[in-house]
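Visitor: Protein chains in written order, with our numbering: chain G, 53 to 441; chain Y, 9 to 141; chain L, 67 to 421.
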Amino acid sequence: MHEVVIAGIGQTRVGEHWEMSIRELAGTAIEAVLKDAPGIQPEALYVGNMLAATLSRQSQLGSLIADYAGLENVEATTVEAGGASGAMALRVAYLAVASGAIEAALVLGVEKLSDQLPGETEAAFATNLDADFEAVHGLTMTAQAAMLMRRYLHEYDVPQDGFAGFAVNAHANGAGNPNAMFQRAIKPETYARAGMVAEPLNMFDVAPPADGAAALLLTRPDLLPDDFEHSPVYIGGSSVVTDKLALHNRENPLNLEAARLSVERACAQADIQPKDADLFELFDAYSIYSALSLEAAGLAEAGQGWQLAQNGGIGIDGELPVTTFGGLKARGNPGGATGVYQAIEATLQLRHKAGDNQVPGAKTALIQSLGGPGSTAITHVLQSYPSDA
Amino acid sequence: MDIARHWRLKKHRYALQTENQAEAVLAVVGPSSNGHKPHLEEQVAQPETITGEIYSFATVFEAPEGYQEFAPYPVAMVRLDDGSLITAQLTDVDLDDVEIGMPVEMVTRKLRSTVEDRGMLVYGYKFRPMLRQ
Amino acid sequence: MVDQNDLLIPERAVGIVGYGAYVPRFRLPASEVSRVWTGGNAGLPIKEKSVPGPDEDVATMSVEAARNALSRAGIAPTDIRAVWVGSESHPYAVKPTSTIVAEAIGAVPNTQAADWEFACKAGTEAIVAAMGLVGSGMADYALAIGMDTAQGRPGDALEYTAGAGGAAYIIGPAEEAMAVIEASYSFVTDTPDFWRRAYQKYPEHGNRFTGEPAYFKHIHQAGSALMEATNTTPEDYKFVVVHQPNTKFPQRAAAKLGFQPEQVKTGLLVPEIGNTYSGAAIIGLSAILDEAEPGDRILLVSFGSGAGSDAMALRVTENILTRRDKAPKTQDYVSRRTEIDYATYARYRGKLVMK
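1) Would you verify that the beta carbon of Y/Ala-12 is, or is not, closer than 7 angstroms to some beta carbon of chain G?
2) Leaving aside the five residues before and after L/Trp-103 along the sequence, list all residues of the same chain whose C-beta is less than 8 angstroms from its C-beta, in chain order.
3) What three-state label does DSSP hand L/Lys-355 in the structure shown?
4) Determine, using beta carbons only, whether L/Asp-407 comes closer than 7 angstroms to chain B.
5) Could you list which residues in chain L have their beta carbon closer than 8 angstroms to that of Y/Asp-104, in chain order?
6) Under 7 angstroms between beta-carbons, which chain Y residues line up against L/Asp-376? List them in chain order, please.
7) Take L/Pro-111 and list the residues in its own chain whose beta-carbon comes closer than 7 angstroms to its own, dropping the five residues that flank it on each side.
8) At a CB-CB cut-off below 9 angstroms, which residues of chain Y make contact with L/Arg-402?
9) To be precise: take each residue of the stretch 163-192 of chain L, compare its Cβ to all Cβ atoms of chain Y, and keep it if any distance is under 8 angstroms. Which residues remain?
10) Would you identify the three-state DSSP class for L/Trp-103, choosing helix, strand or coil?
11) Label L/Lys-421 either buried or exposed according to how many other C-beta atoms from any shown protein chain fall within 10 Å of its C-beta, with 16 as the threshold for buried.
12) Examine chain Y for any beta-carbon lying closer than 7 angstroms to the beta-carbon of G/Glu-174, and answer yes or no.
13) Whose C-beta lies closer than 8 angstroms to the C-beta of G/Glu-353 among residues of the same chain, with five residues either side of it excluded?
14) Going along chain G, which residues have a C-beta under 9 angstroms from Y/Thr-59?
15) How far does the beta strand (DSSP E) with G/Gln-420 in it extend, from its first residue to its last?
16) Excluding sequence positions up to five away, which residues of its chain have a Cβ less than 7 angstroms from the Cβ of L/Thr-257?
17) Given 8 angstroms as the limit, is there contact between the stretch 261-272 of chain G and the stretch 208-215 of chain G, that is, 3 or more CB pairs closer than that?
18) Just reading off the alpha helix (DSSP H) that G/Ser-339 is part of, what are its end residues?
19) Pull out every residue of the stretch 123-140 of chain L whose Cβ sits closer than 8 angstroms to any Cβ of chain Y, in chain order.
20) On the three-pair Cβ rule with 8 angstroms, is the stretch 181-197 of chain G touching the stretch 117-126 of chain G?
21) Could you check what DSSP says for G/Lys-87 in three-state terms: helix, strand or coil?
22) With H, G and I counted as helix, E and B as strand and the rest as coil, what does DSSP make of Y/Gln-54?
23) Is the CB-CB distance between G/Ala-157 and G/Ala-141 below 7 angstroms?
24) Let me know if L/Gln-266 comes out buried or exposed under the rule of 16 or more other beta-carbons within 10 Å of its beta-carbon.
25) Using a Cβ-Cβ cut-off of 7 angstroms (strictly less than) and excluding sequence neighbours within five positions of G/Ser-339, which residues of its own chain qualify?
26) Starting from G/Thr-399, follow the alpha helix (DSSP H) in both directions and report where the run begins and ends.
27) Do you know offhand how far G/Ile-154's Cα is from G/Val-126's?
28) Does Y/Pro-72 come within less than 7 angstroms of chain G when only Cβ atoms are used?
29) Using Cβ-Cβ distances below 8 angstroms, what residues of the stretch 209-234 of chain G are close to chain Y?
30) Whose CA, out of G/Tyr-204, G/Cys-319, G/Ala-267 and G/Ser-283, lies closest to the CA of G/Ala-96?
31) With DSSP as the reference, identify every bridge partner of Y/Thr-116, one or two as the case may be.
32) Using a Cβ-Cβ cut-off of 8 angstroms (strictly less than) and excluding sequence neighbours within five positions of G/Glu-251, which residues of its own chain qualify?
33) According to DSSP, simplified to helix, strand and coil, what is L/Asp-256?
34) For Y/Glu-73, which beta-bridge partners are listed by DSSP?
35) Taking only the alpha-carbon atoms, compute the straight-line gap between Y/Tyr-22 and L/Gly-218 and give it to the nearest angstrom.
36) To the nearest angstrom, report how far apart G/Glu-172 and G/Pro-386 are at their CA atoms.
Given below as structure tokens:
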């Protein structure tokens, strides 16, 4: 396997892009990534997308976007793994480049969620669940997360505002991210006063679905142009693990087993321990997932993941910074594009170009995306040094 | 309309029942069952109420298309008496009265909205508080 | 004059081997209808009526009643040879309710299945047919259900009473019966007192014409003829139940047949659940069976607009004592009660204009 680096990054702001179609969003991100890493010609385009077939009435994004972006005749396809689609596209591009079959690959995460009304969007998101045994009962992603959180609160002794730390941290970091949907910090009282979305989830426990597109350019370090201006970011570990699709089929629904294994395998490949990571871009579509992900990664005991978010432990200067550009909560939840945003944010940290949000001395980043409630879990280890260093 | 899709699952949907043991594991809680072993012979000979208790629950306010007629409605994961876990709506209960551990029994109800005048009706299992304590 | 030959009595003695009731949990007080439509000035024909939840219809309600009947019968659902559902509110215009019920209770595929319609007597019509199927020896068990989610035009007199509920009966050999059906008699004429044309949402009715020439005449003719032909008198019966569209009608009709109020009251559910149409007479019967003692005789007379009445004479057996507690009682459903206001009722019953 060849070493693979992230050579370029490009993103649109996450939000309600009423005036842009899915192809325009994609084109904007690709234009940005090619500008960020000039002189590298992509041979393939892997599009991470979750719901275009339903919400944009569009399949074959590979062809659509390659054509729109002027990437004539490249290999291109869509990769889908629910909310982890973008991370899956990164995985596919990584394998393609690492194998030597492709020399440079574009990874695009794109999602256009604002074109449909809430009922249609809810129904589309619910396709991430088991259609015959979960979604048919009117279950939604939000209600499922609420059930997990309620059970968590039932099993463990968690105070009323125990999850506030995740939202407060996300919004504090969103304030330093010009591409975030929400760029204002919130106070813990704001969390405590927030209206319920689906008890016990309040509006600050739920990341807002939004439009967005983000792109990466992957290649081999030996193929970087001589005048390459960035410090390259290496993909040190990459792991995709699936769990039972339906939450009720799992031995213990509060154990994100796929998340646990994917962290374990990605870290083993990178030869690090999860605690060695300087930051963790986790998948906070719902605050309960943040706690469960931290526990699955072995960074907290079962039932104690929420405690890491208390007392600033996950802040930029904390012991383990998480969601350093606002996470899904403040940056916004652009569905299947999310994993690519996470990789861009980690890349900015490792290039030491994160501005006010810079994690001092960041060398190693853990990024993780979840499809559904951890039905698919994808973890990557990004590092500022080559694997054999 | 998913006509054949709902039809294929009717035994499971209507009564958590299956035609034979071979299909049972697939049909009772989905393709990757966690070990639910339906007591088929007893069920065929003498239908008994399927009961369990609430593992967790939530209320759906923002309902997907096809379910908006019922919103707000409670959904739950129910731990059946045989130990398996299943996802279903709760019915015949006030939202404020639902709690983890509440004993519930299976009933058969309309699963999807019938507001679209021309579609087929979809029936399936839901759970409600025990009618008789 | 009616004689033995006019009665419907099968060759093989039959009876009720299992029965089960169902009533939804919501109740709309009649005073709510009066409040909205008459400023609270209307006389109230009942106290309150049952209202189905948004996820209920005749199919789901029939399934639960049928499961209760099966529990009491103690037979395998696969032994049932007919599943017949009588209603005037079948969920589909074309597609049987009965196949849904048969599938849900596990009675498929070796069975008859069909939906019956005769205004409020579709349920007893199905029972008489089941008596024929079992009584002829063609089958050992047949399931007959009368169930409705009755419709009433907003503001109409029927809106006060149009309720939801019914009961399921498994007819089988008399030896296994909880109550033997000793004889039945049906009285039918063409009398247009109430109808609903195709594609119409709400029924029309002849107002006071629904009384004497329709309801009272048919019930009286059927009830008195059956007693005459079977040489019985009201004193021979512990209980009587007749179709109950409101509180007064059944009491007057029973009195006219010669019955006393205490014979009527056990089966008189209409004040608390409303008129359950195809279910009305037979859910009264299920309430009686919940209370009756071995040897008690029961007279039942249904009425369906259009018009006709089925009368049946039943005798309770010893089996009642061991089997009736195997399922929820009728009163378990009647007393399970969640009151709603007119607005919630309008929402649940699809009376709000959504398009």
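Every residue, glycine too, gets a C-beta built ideally from N, C-alpha and C.
Just so we're clear, the structure is a prediction, and the values are computed from it rather than from any experiment.
Guide: For this structure:
1) Counting from 1 along the second sequence, the entry for residue 12 of chain Y is found at position 4. It does not: the Cβ of Y/Ala-12 has no partner Cβ on chain G nearer than 7 angstroms.
2) For the purposes of this step, residue 103 of chain L is identified with residue 37 of the third sequence, where counting begins at 1. Cβ within range, chain order: Pro-220, Gly-221 and Glu-225.
3) Your numbering for residue 355 of chain L matches position 289 in the third sequence. As written in the sequence, residue 355 of chain L is Leu, which differs from the Lys given in the question. If DSSP states are grouped into helix, strand and coil, L/Leu-355 belongs with the helices.
4) Among the chains of the structure shown, chain B does not appear; the protein chains present are G, Y and L.
5) Stepping through the second sequence from its first residue, residue 104 of chain Y is reached at position 96. None at all; the shortest Cβ gap to chain L is about 12 angstroms.
6) Numbered from 1 along the third sequence, position 310 holds the residue referred to as residue 376 of chain L. The contacting residues do not exist; L/Asp-376 stays about 29 angstroms from chain Y at best.
7) Position 45 of the third sequence, counted from the start, is the residue given in the question as residue 111 of chain L. These residues qualify, in order along the chain: Ala-96, Tyr-226, Thr-227, Asn-312 and Thr-313.
8) Numbered from 1 along the third sequence, position 336 holds the residue referred to as residue 402 of chain L. The contacting residues are Asp-100 and Leu-139.
9) Ile-166, Glu-169, Ala-170, Ile-171 and Gly-172
10) Within the third sequence, the letter at position 37 stands for residue 103 of chain L. In the structure shown, L/Trp-103 sits in a helix (DSSP, three-state: H, G or I).
11) The residue labelled residue 421 of chain L in the question sits at position 355 within the third sequence. L/Lys-421 comes out exposed.
12) For the purposes of this step, residue 174 of chain G is taken as the residue at position 122 of the first sequence. Yes, contact with chain Y.
13) The residue given as residue 353 of chain G occupies position 301 in the first sequence. Excluding residues within five positions, the ones whose Cβ falls inside 8 angstroms are Glu-347.
14) Here residue 59 of chain Y refers to the residue found at position 51 when the second sequence is read from its first residue. In chain order: nothing, as chain G lies at least about 16 angstroms away.
15) Here the question's residue 420 of chain G lines up with position 368 in the first sequence. 416-423 is the span of the beta strand (DSSP E), which, as asked, contains G/Gln-420.
16) To locate residue 257 of chain L, count along the third sequence from 1; it is residue 191. Pro-279, Ala-280, Gly-372 and Ala-373, listed in sequence order.
17) no
18) In the first sequence, residue 339 of chain G corresponds to position 287, counting from 1. Here the alpha helix (DSSP H) through G/Ser-339 covers 339-348.
19) Asp-123, Ala-125, Thr-126, Val-129, Glu-130, Arg-133, Leu-136, Ser-137 and Gly-140
20) no
21) Stepping through the first sequence from its first residue, residue 87 of chain G is reached at position 35. In this structure, G/Lys-87 counts as helix in the three-state DSSP scheme.
22) The residue given as residue 54 of chain Y occupies position 46 in the second sequence. Reliability of the predicted coordinates at Y/Gln-54 is poor, the pLDDT of 48 falling under 50, and the value obtained from them is presented with this limitation in mind. Coil at Y/Gln-54, not helix or strand.
23) Here residue 157 of chain G is taken as the residue at index 105 of the first sequence, counted from 1. Here residue 141 of chain G is taken as the residue at index 89 of the first sequence, counted from 1. Contact: no.
24) In the third sequence, the residue the question calls residue 266 of chain L occupies position 200. Counting Cβ neighbours within 10 Å, L/Gln-266 comes out exposed, since fewer than 16 surround it.
25) Counted from its first residue, the first sequence places residue 339 of chain G at position 287. Closer than 7 angstroms at the Cβ level, and outside the excluded window around G/Ser-339, lie Phe-215, Phe-218, Ala-219 and Asp-257.
26) Here the question's residue 399 of chain G lines up with position 347 in the first sequence. 390-402 is the extent of the alpha helix (DSSP H) around G/Thr-399.
27) Indexing the first sequence from 1 puts residue 154 of chain G at position 102. Indexing the first sequence from 1 puts residue 126 of chain G at position 74. Approximately 11 angstroms, taken between the alpha carbons.
28) Locating residue 72 of chain Y in the second sequence gives position 64, counting from the first residue. Yes, Y/Pro-72 lies at the interface with chain G (some Cβ there is under 7 angstroms from its Cβ).
29) none
30) Here residue 96 of chain G corresponds to residue number 44 of the first sequence, with the count starting at 1. Closest by alpha carbon: G/Ala-267.
31) What you label residue 116 of chain Y is simply residue 108 of the second sequence in a count that begins at 1. The partner list for Y/Thr-116 (beta bridge, DSSP) reads Y/Tyr-133.
32) Counted from its first residue, the first sequence places residue 251 of chain G at position 199. Around G/Glu-251: Ala-198 and Arg-202.
33) Taking the first residue of the third sequence as position 1, residue 256 of chain L is located at position 190. Strand, per DSSP.
34) In the second sequence, the residue the question calls residue 73 of chain Y occupies position 65. Beta-bridge pairing links Y/Glu-73 to no other residue.
35) On the second sequence, position 14 is the one that residue 22 of chain Y refers to. On the third sequence, position 152 is the one that residue 218 of chain L refers to. Looking at the two C-alpha atoms, the distance is approximately 30 angstroms.
36) Within the first sequence, the letter at position 120 stands for residue 172 of chain G. Within the first sequence, the letter at position 334 stands for residue 386 of chain G. In a straight line, the C-alpha of G/Glu-172 is about 16 angstroms away from that of G/Pro-386.
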